[in-house]
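To keep things clear, I will list the structure first and then write my remarks on it.
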Amino acid sequence: MGKKNRKVPGLNASSTADIAFILLIFFLTATSMNTDTGLGRTLPKPPEEDQLDNEIKVKERNILNIRINKDNLLMIGDDYSNIDEIKERAKEFIANKEDRANLPERKPKTIKLLGQRMVTTNHVISVQADRGTSYWIYFEVQDALVAAYNELRDELAYEEFGIKKYAFCSKEQQEAIREYYPQKISEAEPKQYGKVQ
Amino acid sequence: MSRFNKNGSREMPELNTSSLPDLIFTILFFFMMVTSMREETLKVKYTIPSGTQLEKLARKSCTSYIHIGKPTDALISQYGSGTRIQLNDKYAETHEVYDFVYADRAELPEVDKPFYTISLKCDKETPMGIITDVKQVLRKAYALKIVYSASKAQE
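Protein chains in written order, with the numbering used here: chain A, 63 to 259; chain B, 580 to 734.
This is the structure:
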């Protein structure tokens, strides 16, 4: 009966490409590929009720106060300053390489891989902003402080391990460097000095 | 000498396009993997500050976003020009951040909870007071990892 000669006709697949294109364009428009970058911070734990007035006392030489007022003017320690100076001042303060009396005290500390070193363990950098301060200047100060830490860590990585960048070191080395230069930026509660417009 | 015969009716062979769909599908899957859905419509406009020491956000899936800025031009007549906080799809007050954080964190699987991060996308001109208020609420909610979202500065 001629049944043997019947064949299933091949499916016309020429429009699959169009369908795929439509899907592709849909996904291109509906999704975003922005890689989010930013400055990571860890907030301190909330204060407990009974601990409120039990503030930690820090020696004056161990604190670097950075204050920003509502007009976005900066003060480092006791003098007016501007944003470009922060990094150098912070580096000088954190490292205290010359062991000066008005900069943070250096204390012996045993660090893995590095042995016993004199480190400014107790230093604190406190950034205090007014309620009316603009966010961008606060951010730039934070950015400059992180830059200061990163440069010091890079320098130490080069001196100790001969590696140009902290980021290229092994995990143990990074840990040692982090212990040498711990990041201590305090998130001080804001105060209202000036009137907010 | 048929080899040099020029008067034969030669035709261009048709291009085989049967693998075209596969190609397009490959591109499609690539885009599906590297991109993420736009989740919310922005109701505030902001320009994030720029910095030099930025890190990439490690895990996008365990990140919540808080947008702070002024209402967009279309909404400014309705809501005024004061700085607003946007959570998910609507404006919110500072204290609502607390519930937002708890609700968002509860959706994460247990292993991801330590990596829960808040990304603060704030306008450059935002007064610090608002941001600090938000930060205090985040502290209370034990969402201690935050990221100040910023773009890379051009040098």
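Even glycine gets a Cβ: it sits at the ideal position worked out from N, Cα and C. In this text the structure is predicted, and so the values were computed from the model without any measurement.
Terminal residues of the continuous alpha helix (DSSP H) containing A82 (chain A)?
T78 to A92
Exposed unless 16 or more other CB atoms sit within 10 angstroms - verdict on A152 (chain A):
A152 (chain A) is classed as buried because its beta carbon has at least 16 other beta carbons within 10 Å across all chains shown.
With 16 other CB atoms within 10 Å as the buried threshold, where does L602 (chain B) fall?
exposed
Cβ contact (3+ pairs, closer than 8 Å) linking the stretch 662-675 of chain B and the stretch 126-140 of chain A
no
Counting only runs of 3+ residues fully inside the stretch 124-190 of chain A, write out the beta strand (DSSP E) ranges in chain order.
125-130, 136-138, 141-143, 169-173 and 177-181
DSSP bridge partner residues for L699 (chain B) (one or two, in chain order):
Within the DSSP bridge table, the entry for L699 (chain B) names B:I645 and B:Y727 as partners.
Assign D80 (chain A) to buried or exposed, taking buried as 16 or more other Cβ atoms, counted over all protein chains shown, within 10 Å of its Cβ.
Exposed is the call here.
If you run the structure through DSSP and keep just helix, strand and coil, what is T711 (chain B)?
helix
When we look at the beta-carbon of H646 (chain B) and count the other beta-carbons within 10 Å, is it buried (16 or more) or exposed?
When all chains shown are included, H646 (chain B) counts as buried.
Could you tell me the alpha carbon to alpha carbon distance between N116 (chain A) and T651 (chain B), rounded to whole angstroms?
Low per-residue confidence applies at N116 (chain A): pLDDT is 49, beneath 50, and the placement is therefore not dependable, though the value from the model is reported in the following sentence. Each residue's Cα considered, the two are about 45 Å apart.
Please classify E672 (chain B): does DSSP put it in a helix, a strand, or coil?
coil
Does DSSP put D98 (chain A) in a helix, a strand or coil?
Collapsing the DSSP output to three states places D98 (chain A) in coil.
E726 (chain B) and L654 (chain B) look like a contact to me (Cβ under 8 Å); what is the Cβ gap, rounded to whole Å?
Strictly speaking, residue 726 (chain B) in this sequence is Val, with Glu absent from that position. In this structure V726 (chain B) is not in contact with L654 (chain B), their Cβ atoms being roughly 26 Å apart against a cut-off of 8 Å.
Tell me which residues of the stretch 716-731 of chain B have at least one Cβ-Cβ distance to chain A shorter than 9 Å, keeping chain order.
From the stretch 716-731 of chain B, only L717, R718, K719, A720, Y721, A722, L723, K724, I725, V726, Y727, S728, A729, S730 and K731 have a Cβ closer than 9 Å to chain A.
Report yes or no: do the stretch 231-247 of chain A and the stretch 204-211 of chain A share at least 3 C-beta pairs separated by less than 8 Å?
In this structure the stretch 231-247 of chain A touches the stretch 204-211 of chain A; the number of beta carbon pairs closer than 8 Å is three or more.
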